[in-house]
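What follows is one structure encoded as structure tokens, with my remarks underneath.
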Amino acid sequence: MEIPKDNRYLKIPIYLLKSVKGGLGFTVILTFSILPFLRSFIVKYNPQTVGVGLPNQPPSYAHLLGTTSLGQDVFSQFISGGLIPIIVGILTGIFTSFLVIIIALPMGYYSDKLSGKFIALLTDIFLVIPTLPLIIILGVYLGPSVFNQVFVLTLISWPFPTRIVSSQVMSLKERGFILSAKACGASDMKIMFEEILPNVTTLIISNTILVIIFAILFQTAISFLGLGDPTQIDWGNMLYYAEQSGAIANGEWWWVIPPGIGIMLLAFSFSLLFLRIEEIMRDY
Amino acid sequence: MSSPLLEVKNLTISYKIKSKIVDVVKDVNFKLNKGDRLAIVGESGSGKTTLALAILGLLPKNAVVKSGEILFNGINLLKLTSNQWRDIRWRKIAMIFQASMNGLDPVMKIGDQLIELYIYHNKYSSKEDVKEKIVEIIKKVNLSPTVLNLYPHELSGGMKQRIIIASSLLLNPDLLIADEPTTALDVITQSEILSLIKRISEERNITLMFITHDISLASLLCKKVLIMYGGTNMEEGELREVISNPLHPYTKHLISSLLEIENGTLTQSKKDLSTYISFSGCPFNLRCPYSDDICKISYPKPIMVNDNSRIVRCFLYKR
Amino acid sequence: MAFKGYVVQRVLFFTYSFIILLLLNFLIPRFMPGNPVSRFVNPLMSPQAQHQILEQFGLTKPIYIQFILYVKNIFTGNFGISFLYYPTPVIDLIEQRLPWTLFLTGTATILSALIGIVLGLIAAWKENSKLDNMLVFISMMLRSIPTFWLGLVLLILFGVTLKLFPTSGYFSTSFIIYKSNVIVFIGNVLRHTFLPLITLMAYLIGGNLLIMRASTLSTLKEDYVTMLKAFGYNNRKILYSHVLKNASLPMLTNIGIQMGYIISGAVLVEAVFSYPGMGLLIYQAVLARDYPTLQGAFFILTLSVLIALLIVDILYGILDPRIRR
Amino acid sequence: MRKNRLGLSNIAKSLIVIIIIIIAIIGGYIFIKNQNHTSPSSSTTSLFSTSNTTYSVSSISSNITLTAGFFEDVTSLNPVNWFTISDLDVLQLIYNTLVEVNSTGLPAPGLAQRWTISDNGSIYTFYLVHNATWQDGYPVTAQDVAFTFEYWKKYHFPYYAALAALIKNVTVINNYTVEVQLTHPYAGFLLELADIGMIIPKHIWQNVTNPYNYTNLIGDGPFEFVSRTPGVDIVLKANPNYFGGKPHFEYLVIKIFNSVDSALAALQSGTLNLIELPEGTNLQPLLSNPSIHIVTTPSTMIYYISMNTQTFPFNNTLIRQAIAYAINKTQILQLAFLDQGSVANSVISPSLQYWYNPDVMNYSYNTSEAIKLLEEAGFHLEKGVWVNSQGQQLSFTLLIPNEAPWIEIATIIKQQLSQIGIIVNIQSVDPTTWESIVIGTHNYQMTLGAWRLYFDPMLFLEPSFDSNESGPNGLDFSMFNNATVNLLIQKALQSSSLSIERYYVYQIQYVVSQQVPWIMLVYGQDIWAVQGFTNWQPVPRYGLWYYTTFINLIPSKG
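Residue numbers (this note's numbering), protein chains in the order written: chain H, 1 to 284; chain S, 1001 to 1319; chain A, 2001 to 2325; chain V, 3001 to 3558.
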């Protein structure tokens, strides 16, 4: 019997870059990850240095996006602020996909057995817990740091992709090539990781991107609620400071709009990658 | 003789697959008179389902009709607007699909679907009349009226096919197209369904176009046959004659393999599809034992033989 | 009957989840550093005074007794007394907040589902058209906007600059003092709800549209759609009488799964618009280490998600006759 | 048409029905709740009766509401078992204290129109006003005062342990005279009473079995309690029978705001009349709004750095002094406070004019002095880092709550200290965690803090700098242990007159400034935004939030 090997995922990077959507998304993400390192060539101000200008100033030639209430340069903060969301997003994506592999494969493969059902139950329960309250509780408990944010976000984001992947595994295990592998006496481990895993990898990758988008949005939300690490410059923190100092009611748009646009662009770029991967899954 | 009910002239349809254009139906010609029962026989990929879909105007979005016309009662079906189609589809031409098992809305009761169908086409009928009519037709296809209260997933494949047959009778169509109506059914159900179709078309004098890959099934239902290969009509004639005296090398191959009881079917890997269609010569020439140079270069034209009772598309028969 | 079995299975899931949540709910708050008294500290607060307040809160009792009390409280529908709003019973706080959160999230969920369904259906029907591309683009944008930021921008624009909508609360304070007629009151509530509702819906519509579009596209490939065309039905009829119903089913499950997520969005929206709902209550309870309120609110919130899920599941069972697994 | 019988209509109908049901149920519920709200108490009848005050505006005062804003909601509204400063702020509008303070922060008549103090300073005799009544009509008498004092002794209320220990016994001389005997002379007694000594009605509280969560709020102050919606608002109503005069408005609504932003937005939209804004708020947009008045009043708020004096590196006074010199307080004032306040030197705020000692050590910004002190302490620069002979680096963690203005101040301090090679790591945690570390275990190196001082400075100096208070949960969280200061505190607590107490308070301020367990940064300023009302008189510590303000405020025309 013919054993279908789904190796499309190996070609994803190439297909990604070859399209407008993928290329554009990738460029934006790359730009925001590199900008912080090139900052010193672009602006002369350190994002954290206070009093480089008068406080609460609207955009001017010296300060392209004005200043904060501490007289910090908003433009400098803006170009430095994308790195942490990207790092948190991608790390969360990686850890989540590990968890998904470890949990979803057995969950789908043993879906008729008690163990599989138990994992499924746990996953469903995690889906039910209101996410943000849990993030707040854990955020307060663990204290602020980039790694803790990744941990919390991973803990929150695994159930959804796990369910999707496990249902795919459930349908795959009834297919002929799995049954024949079983008949040949392959161990469950071998079947799961050598036969099933390659066939769900593309699905996992596309779901990982969704998790990254989720993580980026929630990372900024955590920072915005003041549960992030306030000594780091990221877009969520910028908005938190802006809100704390009354910038919104005072109409200091130059401080409030750019970080939001940044987050939006970043999340949108990952959406473009997601869209492209969906296309690849459909067409190739 | 009156004008034919259905006449297909020089019909060529091509699909756009990954920026390549592939002719799936090529220069097909045939006529169907009222009351005729025509079998269209061909292996999968021979373009017979596309042909049927074209008659109902249901070609997928990536299909293009390159040339030809389909005349139904003298009207060119290829030029109808969507409003005009409403008067043709199911009222004049009904169709039983290969996949009719999945042809019913899964979240609606059978009865409701039939009522909906009838009322859609007969706006001013009263509900009681409709119910009565539907019960009558359901009995006609040997089902108990209780199925009307069930959902499609609660019925077996054969029962679902009967429902579709019943629905096709609902509006008394002139032409019934049955596209592999018995695939995926077990043998007993298969013969029951076929005899049902036969009985009904005889009773109501419905013109039948029966599409199958199995020439032996065709012989149960039809008098006439049209053999398709590579998207075109290879041979046409009385079914009996064609079986007893196949003219086209492909028909011969088909009949002999049937006699050898190789499963009754010829399966051909779909990968070959593009190889023979992109080819400018006779589509069968790669497999033809009589293949000649001309077969590789030019496309054969249909030729009338045996006192015009048979049509063959092969260079072996000239004049 | 199969449907009965399905309901039993869902109810069982409900019960298991309930028990596990009960445990988590007790443990999680107590793992947090600090105690409820920390917040009150000022130069008058001696260590003895701090101990006295802890004693009033029942936190000097051993942990197992606290647990027994907690379980007893849950089953008597009484979550104890709030530390943050001492001595208001937690149940009163929830009674005050829950309707507003349900009102906000419920309306947002249902409205965004309806809009998402209709637009997703249209987008899928006109796949790859300009309209479709535009709708997909807009919904991807909506999904990329951080909820709270959108709230802030709307607040600046319509609340502060244009003064079209109030900036906080669920109705004007004057209603607490002076009587007014029902219509004026409802109008006032709607004006206060408008911006938070739009903010919450923006995100949900984006997601719903994309899901509905995908599920419609796959429904359109089903054999019965071809059959319906052969029946001579026009596009409207096929779309609205058959495709819509079938394609909405995955949406329904999705709404169920999203429930916990929607509540999260509501927390942020409540924070931005100072809309005192359950989300803000939880947020404040966490910061103040108000265990009873935190437990009560978290419990009720999770319970309402579970109930919403149960309703969605049963609704699904009713709408989709195939459900039996 | 029957066409629409199926499909769309089914789902749409059911969804629409669900929406309508949800909206109807919740809407109905909300409305019914609200209807209950609207009839506050039996005293509704007085709602439309014109008051007897002489101002012409009083005729329209019956439907005027003053909306004020709080950033912290109240916790426990209970005149004996309150928990937070917000609680006290609201309770003081409902309950009178025996003694008030005047605009210089010294004792002034309140419920007691005058008092006498025995020569040794341990017996106080109070003469009450005769026309004070409880809001349910009973007169306020000496019985109530005596009952209140004994009540503090009878129960363990969190804030009354010190007063309960101080009061030896209470004698009712007649209906309007009461005599209090203290265990030892203490001049700060009157000021402490002015801060927290709210008198409660005997006829109500004598029957209460559990005073800790008793919620009936019948007081004798200028406002009556109407309702409280946790997290939303508190509604008070003017008391027409208040002996000190009736406010010129009917209702006082205190709205709870979650952020400065939402309060500013409410101010701009005209729905908020009075709020105190935190220092560092950008006031420009408010100043340009003609209907909003910004009033700044002296505040008793002090902002400081606290260092753990028992652990490296801050167990060395020289290091603490060096840090004090290395911090540019003026810059902090400019950037984090937008110049709203003044640079601090002593631990007592100058707005407590009587107690403030201006002649303390003044660590004005001087990096060379800081470097000199560091070298004196045995440190030397090695590759830009200060290291001592044992190889220990001068780097430490600054622990802060993750809120404004701490993050801003910490950022500035980190930057300033890095200029002379001192490495600061900022660690921010949520406020409750911060308090459990700093006050609970004192397990930190350096932190930032702020106190709002009471009228009696010893209420703050004793817990903060007496080494007896340095245990777990004690407020001497700098672990400051100085024999001189301990002794001075004991003396101050025994002083028989305010001037003697002031002598010791001056001394304590000096020694503390020399030892620098705390580096004083800034004295705060109360910034009030007022709109729609005029005629205010600020009081130290309370600013505009004092009952006298609410008696005096007049709605502005138009």
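Note that the Cβ used here is the ideal one computed from N, Cα and C, for glycine as well.
At least one beta carbon of chain S lies nearer than 7 Å to the beta carbon of A/Met2227. Secondary structure of A/Glu2127 (DSSP, three-state): coil. Under DSSP, V/Trp3134 forms no beta bridge with any residue. A Cβ-Cβ separation of about 20 Å leaves S/Arg1310 out of contact with S/Gly1231 under the 8 Å criterion. Distance check between V/Ser3118 and each of V/Leu3398, V/Tyr3151, V/Pro3185 places V/Pro3185 closest, using alpha-carbon atoms only. CA-CA distance, S/Gly1047 to S/Val1022, rounds to 11 Å. Selection H/Ile191, H/Ser187, H/Val165 evaluated against H/Phe177 yields H/Ile191 as nearest (Cα-Cα).
Annotation: Cβ neighbours of H/Glu243 in chain V (cutoff 7 Å, chain order): Ser3259, Asp3261.
Taking all protein chains shown into account, V/Asn3443 has fewer than 16 neighbouring C-beta atoms within 10 Å of its C-beta and is therefore exposed. Among the residues of chain A, those whose CB is under 8 Å from the CB of V/Ile3085 are Asn2042, following chain order.
Within the stretch 1063-1080 of chain S, no residue places its CB atom closer than 7 Å to a CB of chain A.
Within chain S, Pro1106, Val1107, Tyr1151, His1153 have C-beta atoms less than 8 Å from the C-beta of A/Arg2322, given in sequence order. For A/Pro2146, a Cβ of chain H is located within less than 7 Å of the residue's own Cβ. The count of Cβ pairs closer than 8 Å, one atom from the stretch 2222-2239 of chain A and one from the stretch 1074-1091 of chain S, reaches three, so the stretches are in contact. The closest CA to that of V/Ile3204, considering only V/Ile3420, V/Met3479, V/Asn3216, is found on V/Asn3216.
Against chain V, a Cβ distance below 9 Å from A/Ile2262 picks out nothing, because the smallest value is about 14 Å. For V/Thr3281, the nearest beta carbon of chain H is closer than 7 Å to its own beta carbon. For V/Trp3205, the enclosing alpha helix (DSSP H) has its first and last residue at 3202-3205. Your pair V/Ser3306 and V/Phe3460 does not check out as a contact, with CB atoms roughly 13 Å apart and the cut at 8 Å. At a cut-off of 7 Å between beta carbons, A/Ala2247 makes no contact with chain S. Where H/Thr131 is concerned, the enclosing alpha helix (DSSP H) starts and stops at 131-142. If you check each beta-carbon in the stretch 2027-2060 of chain A against every beta-carbon of chain V, the ones closer than 9 Å belong to Met2032, Pro2033, Gly2034, Asn2035, Pro2036, Val2037, Ser2038, Arg2039, Phe2040, Val2041, Asn2042, Pro2043, Leu2044, Met2045, Ser2046, Pro2047, Gln2048, Ala2049, Gln2050, His2051, Gln2052, Ile2053, Glu2055, Gln2056. Not one beta carbon of chain A lies nearer than 7 Å to the beta carbon of V/His3248. For S/Gly1068, the three-state secondary structure derived from DSSP is strand.
Around the beta carbon of H/Met189, fewer than 16 other beta carbons sit within 10 angstroms, so the residue counts as exposed. Across the structure, H/Lys182 and S/Asp1186 are spaced so that their CA atoms are roughly 29 Å apart. Residue nearest to V/Leu3091 within the set V/Thr3084, V/Pro3079, V/Leu3098 is V/Pro3079 (criterion: CA-CA distance).
Residues of the same chain with a CB within less than 8 Å of the CB of V/Phe3550, apart from the 5 flanking positions on each side, are Leu3066, Leu3093, Pro3222, Phe3223, Pro3247, Leu3252 in chain order. Rounded to the nearest angstrom, the gap between the Cα atoms of A/Gly2159 and V/Gly3270 is 12 Å. Here DSSP, grouped into helix, strand and coil, assigns V/Ser3269 to coil.
One thing to note: V/Asp3526 has its Cβ within 7 Å of the Cβ of V/Ser3299. Judged by DSSP secondary structure, A/Ile2318 falls within the alpha helix (DSSP H) whose first and last residues are 2291-2319. Buried is the label assigned to A/Thr2101, since at least 16 other Cβ atoms lie within 10 Å of its Cβ. A residue is called buried once 16 or more other Cβ atoms fall within 10 Å of its Cβ, and H/Cys184, having fewer, is exposed.
DSSP places H/Thr208 in the helix class (H, G or I) of the three-state scheme. Beta-bridge partners of S/His1253 (DSSP): none assigned.
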